[in-house]
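Student: To start, I am sharing the structure in question, which I have written as structure tokens.
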Amino acid sequence: MRKKILCTVGTRPEAIKMAPVIRALQADPSFECRVLATAQHRQMLDQVLDLFEITPDIDLDIMEPGQTLGGLTGRLLIRLEEVLAAEQPDAVLAQGDTTTVLATALSSFYAQVPFGHVEAGLRTGDIANPFPEELNRVVASRLSRWHFAPTRLSADRLLAEGYPAADIHVTGNTVIDALHHVAATKPHIGLALDPGKRLLLVTLHRRENFGEPLGRICDALARLVEDNPDVQMVLPVHHNPNVRGVVHERFGAMDRVLLCEPLDYASFVAAMSRATLILSDSGGVQEEAPALGKPVLVLRETTERPEAVSAGTTRLVGTESEPIRAAAQTLLDDPAACAAMASRGSPYGDGKAASRIVEVLRRDLC
Ligand code: UD1
Ligand code: UDP
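Heads up: the sequence shown at position 234 corresponds to 308 in my numbering, and the numbers run straight through without jumps.
Below you can see the structure in the form of structure tokens.
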């Protein structure tokens, strides 16, 4: 009999990283794959589901404007309990460290359904950074039957925390599977860019950067655009209202700055490919850009993705204005240094992570 796997997705990055797993499960006759969209994100989730042609079997449509952590978690726990009782899956999968993942792992535990954690073992070691994702990851690990670790380093962290080696599987990161799939379609950016100017691509959304850190980051970005007339900056603005207002007020009237709606994933991959330099506080971008041969300055105080820092393709520059500006200016002034940073290669996998995950599930469940 086919085993029923419930795959949960809530936000944009979860959908990107679960899409290869969902597609691999759907293609495997041993499994019945059920897709649950919590819709912690609405528009940004739908963009990805449309691109990968995934239609959720269940959609909780949970997002509220300006939702709080407690409110979202509470609503998710109530709704997930109902879904798990109705669906009776043989296993549940979720990816990453969002509130959707925390609630899915906890609900699976309450329902006594085995939970598989995709992208397991990422840690900064600082429970407040990133907030609240580090806590979500730690709790998800505690509740997992399968830990699908993207790298050897993440597997080693789980071993050091005492999880059994037999439950930990190094698979690579499924984002590379998604990236290969989309890059093969040769996507276009779909934005009117000046072909004569170098492109700085920027994304901002981390909760711990809201307020003063975001202001300091914007100061640095504004100086970079002012000081470099041959540069244009593209910033697809996250829907989070804590980002939208600040960024539009700051850059709305500035020359050579293009603020746009979040790009669909294919267009964003094209934008990364076109960029001279990427500045971002995103997790996924730290994994994708090295695979595309693009340098990233990480606008955070910590990272749970040190593999690319060690490889030299990403650099942690913090959230103080002057170090960000100086690091970016050095790379803009020295194309050879920029190119050297970009050519270090990708430590996050070979694009076959999803099939490894499905293989483990087949071995253990079928
Ligand atoms: C969430 C995750 C974060 C992840 C990020 C990916 C948590 C606590 N945070 O952060 O780990 O890196 O998603 O982008 O789980 N909104 C919309 N439309 C959308 C998406 C968001 O309007 O499509 C607005 C809503 O007002 C919503 C707010 O953004 O209430 C915040 O969304 P939320 O998912 O709570 O937090 P993010 O900052 O997006
Ligand atoms: N991304 C996208 N469109 C954009 C900006 C980012 O599709 O306009 C993709 C990006 O390629 C990556 C993912 O969204 O795969 C990262 O999402 P985000 O930064 O919101 O979350 P995080 O990875 O930090 O959890």
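Don't be surprised by glycine CBs; every beta carbon is placed ideally from N, CA and C.
1) Give a yes or no on whether the C-beta atoms belonging to M92 and V192 are separated by under 8 Å.
2) Need the endpoints of the alpha helix (DSSP H) that G145 sits in, please.
3) Could you work out which residue in D102, P364, L332, F183 is closest to M346 when comparing CA atoms only?
4) May I ask you to report which of helix, strand or coil DSSP gives Q403?
5) Mind checking whether the beta-carbon of F342 lies closer than 7 Å to any heavy atom of the ligand UDP?
6) For R272, which residues does DSSP report across the bridge?
7) For V317 versus H279, is the C-beta spacing smaller than 8 Å?
8) To which residues does DSSP link P310 through a beta bridge?
9) For P369, collect the residues of the same chain with a Cβ closer than 8 Å to its Cβ; drop the 5 residues on either side in sequence, then sort them by chain order.
10) Is there contact between the region 371-378 and the region 256-271, where contact requires at least three CB pairs shorter than 8 Å?
11) Is it right to say E207 is buried, meaning 16 or more other beta carbons lie within 10 angstroms of its own, or is it exposed?
12) Could you tell me whether the Cβ atoms of E88 and G170 are closer together than 8 Å?
13) Check whether the Cβ atoms of V166 and L80 lie closer than 8 Å to each other.
14) Are V343 and M307 close, meaning C-beta to C-beta below 8 Å?
15) My assumption, with CB atoms under 8 Å, is that G140 sits in contact with P315. Please give the rounded CB distance.
16) Pull the bridge partners of G190 from the DSSP assignment, please.
17) Once DSSP output is grouped into helix, strand and coil, what is the label at C292?
18) Among all the DSSP beta bridges, which residues are the ones paired with D133?
19) By a C-beta neighbour count over all protein chains shown, 10 Å radius and 16 as the cutoff for buried, is D251 buried or exposed?
20) Between which two residues does the alpha helix (DSSP H) harbouring H255 extend?
21) If you measure between the beta carbons of L298 and V305, is that distance less than 8 Å?
22) Spell out whether any CB of chain D is found under 8 Å from the CB atom of A410.
23) Could you tell me the distance, in whole angstroms, from the CA atom of D102 to the CA atom of R216?
24) Give me the Cβ distance between R226 and G190, rounded to the nearest whole Å; I'm assuming they're in contact under 8 Å.
25) Compare the C-alpha of E176 against each of L143, D200, N203 and name the closest.
26) At a cut-off of 7 Å, would you count L295 as near the ligand UDP, judging by its Cβ distance to the nearest heavy atom?
27) Check whether the region 234-254 and the region 94-108 touch, using three or more Cβ-Cβ pairs below 8 Å as the test.
28) Using CA coordinates, which residue listed in E361, T173, H322 is at the minimum distance from G425?
29) According to DSSP, is L232 part of a helix, a strand, or is it coil?
Tutor: For this structure:
1) Taking the sequence shown and counting its residues from 1, the one referred to as residue 92 is at position 18. Taking the sequence shown and counting its residues from 1, the one referred to as residue 192 is at position 118. Yes.
2) For this step, residue 145 is matched to residue 71 along the sequence shown. Element bounds for G145: 143-161.
3) For this step, residue 346 is matched to residue 272 along the sequence shown. Per the Cα distances, P364.
4) Here residue 403 corresponds to residue number 329 of the sequence shown, with the count starting at 1. Note: Q403 maps to helix in three-state DSSP.
5) Position 268 of the sequence shown, counted from the start, is the residue given in the question as residue 342. Yes; taking the cut-off as 7 Å, the Cβ of F342 has a heavy atom of the ligand UDP nearer than that.
6) Reading the sequence shown from its first residue, position 198 is the one you call residue 272. Partner(s): V305.
7) Walking along the sequence shown from the start, residue 317 turns up at place 243. Walking along the sequence shown from the start, residue 279 turns up at place 205. For V317 and H279, yes; Cβs fall inside 8 Å.
8) On the sequence shown, residue 310 is found 236 positions in, with the first residue counted as 1. P310 pairs with C334.
9) One-based indexing of the sequence shown puts residue 369 at position 295. Excluding residues within five positions, the ones whose Cβ falls inside 8 Å are L351, I352, A363, T387, T388, R389, L405, C412, M415, A416.
10) no
11) Your numbering for residue 207 matches position 133 in the sequence shown. Buried is the call here.
12) The sequence position of residue 88 within the sequence shown is 14, counting from 1. The sequence position of residue 170 within the sequence shown is 96, counting from 1. Yes, the pair counts as a contact, with Cβ atoms nearer than the cut-off.
13) Indexing the sequence shown from 1 puts residue 166 at position 92. Indexing the sequence shown from 1 puts residue 80 at position 6. It is a contact, given that the beta carbons lie within the stated cut-off.
14) The residue you call residue 343 lines up with position 269 of the sequence shown. The residue you call residue 307 lines up with position 233 of the sequence shown. No, the Cβ-Cβ distance between V343 and M307 is not below 8 Å.
15) Indexing the sequence shown from 1 puts residue 140 at position 66. Indexing the sequence shown from 1 puts residue 315 at position 241. That pair is a contact at about 6 Å.
16) Residue mapping note: residue 190 aligns to position 116 of the sequence shown, counting from 1. According to DSSP, which records beta bridges pairwise, G190 is partnered with L167, W220.
17) Taking the sequence shown and counting its residues from 1, one reaches residue 292 at position 218. Three-state result, C292: helix.
18) The residue you call residue 133 lines up with position 59 of the sequence shown. DSSP lists A111 as partners of D133.
19) In the sequence shown, the residue the question calls residue 251 occupies position 177. It counts as buried.
20) Against the sequence shown, residue 255 aligns to sequence position 181. Its alpha helix (DSSP H) spans residues 248-257.
21) What you label residue 298 is simply residue 224 of the sequence shown in a count that begins at 1. What you label residue 305 is simply residue 231 of the sequence shown in a count that begins at 1. Taking 8 Å as the Cβ cut-off, L298 and V305 qualify as a contacting pair.
22) Chain labels in this structure do not include chain D; a single protein chain is all it has.
23) Numbered from 1 along the sequence shown, position 28 holds the residue referred to as residue 102. Numbered from 1 along the sequence shown, position 142 holds the residue referred to as residue 216. Between D102 and R216, the C-alpha separation is close to 29 Å.
24) Taking the first residue of the sequence shown as position 1, residue 226 is located at position 152. Taking the first residue of the sequence shown as position 1, residue 190 is located at position 116. Not really, about 19 Å apart at Cβ, beyond 8 Å.
25) One-based indexing of the sequence shown puts residue 176 at position 102. The question names Glu, but residue 176 in the sequence shown is Leu. The residue with the shortest Cα to Cα distance from L176 is L143.
26) Here the question's residue 295 lines up with position 221 in the sequence shown. L295 Cβ: outside cutoff for every heavy atom of the ligand UDP.
27) yes
28) As a position in the sequence shown, residue 425 is number 351, starting the count at 1. G425 has its Cα closest to that of E361, out of E361, T173, H322.
29) If you number the sequence shown from 1, residue 232 lands on position 158. L232 falls in the helix class under three-state DSSP.
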